[in-house]
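**Student:**
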Amino acid sequence: MADTRHQLLDEALALTERMARLGDGDDWQAVIELEPQRRQLLQRAFATQLPVDEIMAERVRTILDLDKHLMALTVAARDRIAGDISRSSKGRAAANAYRAAGA
C-alpha cells in the first residue's frame with residue numbers, strides 16, 4: 000500500500016511542478032484545469048488511516064512549497080489585472096470627460 004501512496008504522491012508532485020511552470024508562464028487556465036486531477040491524487044493518497052512515512056512527508060513538504068510559489072504568482076497576477084482594470088477605467092473616465100467638455 001505504501002508504494003501505491005508513494006506513486007500517487009509522485010504523480011501529485013509532478014502535476015504540482017507542472018502547474019508551477021504553467022503559473023510561471025501565466026497559463027492560469029491550464030493551472031485551473033489541472034487542479035481537480037491533483038486534488039484527486041492527493042485525496043486518494045491520504046484515503047487510508049495508515050501512518051505517513053518520511054518519503055511521503057518530504058513529498059508533501061515539496062508540494063506545499065510549490066503551492067506557496069503558486070499562491071505568490073496568483074496574488075501577483077491578481078494585482079497586475081487589478082492595475083490593468085484601474086488604468087482602463089481611468090482612461091475611459093478621461094475620454095468621457097473629454098467628450099463631455101465638447102472637445
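Numbering that gives the first Met the number 0 puts the first residue of the sequence shown at 0, with every later residue one more than the last.
Don't be surprised by glycine CBs; every beta carbon is placed ideally from N, CA and C.
1. Take Gln42 as the anchor and find which of Arg98, His5, Ala100 has the nearest alpha-carbon.
2. Looking at Arg58 and Leu8, is the spacing between their C-beta atoms short of 8 Å?
3. For the alpha helix (DSSP H) holding Leu48, just list the boundary residues, first then last.
4. Three or more C-beta pairs closer than 8 Å, one from the region 20-36 and one from the region 59-77: is that the case here?
5. Alpha carbon to alpha carbon, how far is Ala76 from Gly101?
6. Apply the 10 Å Cβ neighbour rule to Leu72 and answer buried if 16 or more other Cβ atoms are within range, or exposed otherwise.
7. Assign Gly24 to one of three DSSP states: helix, strand, or coil.
**Tutor:** So, from the listed chains and residues:
1. His5
2. yes
3. Strictly speaking, residue 48 in this sequence is Gln, with Leu absent from that position. No alpha helix (DSSP H) contains Gln48, which DSSP labels as neither H nor E.
4. yes
5. 38 Å
6. buried
7. coil
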